[in-house]
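Novice: Whatever position you read off the sequence shown (first residue = 1), add 3 for the working numbering.
Below is the structure I would like to discuss, written out as structure tokens.
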Amino acid sequence: MHNIQPNTLVTIRFTLRTEIAPGESKERPEPELTFVFKVEEQVPSLERALEGAAAGHRFSILIPASEIYGEHDPALIREIPKQGLIKQRLRAGQFYRQMKMGSLVSFKVLEVRKDTVLVDFNEPMAGLSARVEGIVLAVRPATDAEIAEARENHRRKKIGCG
Numbered sequence: 004m005h006n007i008q009p010n011t012l013v014t015i016r017f018t019l020r021t022e023i024a025p026g027e028s029k030e031r032p033e034p035e036l037t038f039v040f041k042v043e044e045q046v047p048s049l050e051r052a053l054e055g056a057a058a059g060h061r062f063s064i065l066i067p068a069s070e071i072y073g074e075h076d077p078a079l080i081r082e083i084p085k086q087g088l089i090k091q092r093l094r095a096g097q098f099y100r101q102m103k104m105g106s107l108v109s110f111k112v113l114e115v116r117k118d119t120v121l122v123d124f125n126e127p128m129a130g131l132s133a134r135v136e137g138i139v140l141a142v143r144p145a146t147d148a149e150i151a152e153a154r155e156n157h158r159r160k161k162i163g164c165g
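Right, here's the structure in full:
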């Protein structure tokens, strides 16, 4: 029986639960995820929970917001002028998106005022943590070809091609 260590091919099945509001969560079961451990990086909490584990190992971890969606930054809540915005799209609690000068402007409308809008430029899921519960289905040494492919896949994801 193999234990999870760098350069092992790992297959897990898990469910991700994110609390989107107090007492309200969103659950997303994943069929299976296969990756080369320590080559295709996972969030640090998951890597710590898996290291040394063998097939059949069950895990339940809390992944902090800082590892997945990022912390909510109060400095990204700003008051901006209404001028240049499409007024019909400005509704409190709704997300606003518009192309301006070749760039996408996106934010959550918090409050519509007379001449300005209070907006939140944080990512929509910022500040949310997630509970991950799962099982290790398989562990085996990765082949040289699998490691090379994993390195290439990971490199592509880091530059936005994956």
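Ideal Cβ positions, reconstructed from N, Cα and C, are used throughout, including at glycine.
Keep in mind it's a predicted model, so treat the numbers as computed, not measured.
1. So the candidates are Lys41, Gln101, Glu33 and Val46; which of them puts its Cα closest to the Cα of glutamate 149?
2. Within a Cβ cutoff of 6 Å, which residues of the same chain sit near alanine 141, ignoring the five residues on either side of it in sequence?
3. According to DSSP, is proline 67 part of a helix, a strand, or is it coil?
4. Between the region 67-85 and the region 152-161, are three or more C-beta pairs nearer than 8 Å?
5. Excluding the 5 residues preceding and the 5 following threonine 37 in the sequence, name in chain order all residues of the same chain whose CB lies nearer than 6 Å to its CB.
6. Just to confirm the assignment, what range does the alpha helix (DSSP H) spanning arginine 94 have?
7. Can you tell me whether glutamate 52 is buried or exposed, with buried defined as 16 or more other CB within 10 angstroms of its CB?
8. Counting C-beta neighbours from all protein chains within 10 Å, is the total for serine 63 16 or more, i.e. buried, or is it exposed?
9. For serine 48, count the other beta carbons within 10 Å of its own beta carbon; 16 or more makes it buried, fewer makes it exposed. Which is it?
10. Of the choices Val108, Ala68 and Thr21, whose alpha-carbon is the least far from that of glycine 130?
11. Whose C-beta lies closer than 8 Å to the C-beta of glycine 55 among residues of the same chain, with five residues either side of it excluded?
12. If you check the beta carbons only, do lysine 111 and phenylalanine 98 fall under 8 Å apart?
13. Just to confirm the assignment, what range does the alpha helix (DSSP H) spanning alanine 141 have?
14. If we ignore side chains and look at the alpha-carbon of each, how far apart do aspartate 118 and threonine 18 end up?
15. Taking all protein chains shown into account, do 16 or more other C-beta atoms lie within 10 angstroms of the C-beta of alanine 228, making it buried, or fewer, making it exposed?
16. Answer with buried or exposed for glycine 26, where buried requires no fewer than 16 other C-beta atoms within 10 angstroms of its C-beta.
Specialist: By the coordinates alone:
1. Residue 149 sits at position 146 when you count from the first residue of the sequence shown. Closest by C-alpha distance to glutamate 149, out of Lys41, Gln101, Glu33 and Val46, is Lys41.
2. Within the sequence shown, residue 141 is the residue found at index 138, counting from 1. Residues of the same chain with a CB within less than 6 Å of the CB of alanine 141, apart from the 5 flanking positions on each side, are Thr14 and Ala58 in chain order.
3. Looking up residue 67 in the sequence shown gives position 64. Reduced to three states, the DSSP call for proline 67 is coil.
4. Verdict: no, contact absent.
5. Position 34 of the sequence shown, counting from 1, holds the residue named residue 37. So the qualifying residues of the chain are Thr14.
6. Reading the sequence shown from its first residue, position 91 is the one you call residue 94. Segment: none, arginine 94 is in no alpha helix (DSSP H) and carries neither H nor E.
7. By one-based count along the sequence shown, residue 52 stands at place 49. A small fix is needed here, since residue 52 is alanine in this sequence, not glutamate. When all chains shown are included, alanine 52 counts as buried.
8. The count along the sequence shown starts at 1 and reaches residue 63 at position 60. With fewer than 16 other Cβ atoms within 10 Å, it is exposed.
9. Counting from 1 along the sequence shown, the entry for residue 48 is found at position 45. Answer is buried; the Cβ neighbour count reaches 16.
10. In the sequence shown, counting from the first residue as 1, residue 130 sits at position 127. For glycine 130, the nearest C-alpha among the options comes from Ala68.
11. For the purposes of this step, residue 55 is taken as the residue at position 52 of the sequence shown. When the five nearest sequence neighbours on each side are left out, the beta carbons in the same chain lying within less than 8 Å of the beta carbon of glycine 55 are those of Asn6, Ile7 and Gln8, in order along the chain.
12. Your numbering for residue 111 matches position 108 in the sequence shown. Your numbering for residue 98 matches position 95 in the sequence shown. It is a contact, given that the beta carbons lie within the stated cut-off.
13. If you number the sequence shown from 1, residue 141 lands on position 138. Taken as a continuous stretch (DSSP letters only), alanine 141 belongs to no alpha helix (DSSP H), being part of the beta strand (DSSP E) at 133-144.
14. As a first step, residue 118 must be located in the sequence shown, where it is residue number 115. As a first step, residue 18 must be located in the sequence shown, where it is residue number 15. Rounded to whole angstroms, aspartate 118 to threonine 18 spans 45 Å at the Cα level.
15. Residue 228 lies beyond the residue range present for the chain, which begins at 4 and ends at 165; the question has no answer from this structure.
16. The residue labelled residue 26 in the question sits at position 23 within the sequence shown. So glycine 26 ends up on the exposed side.
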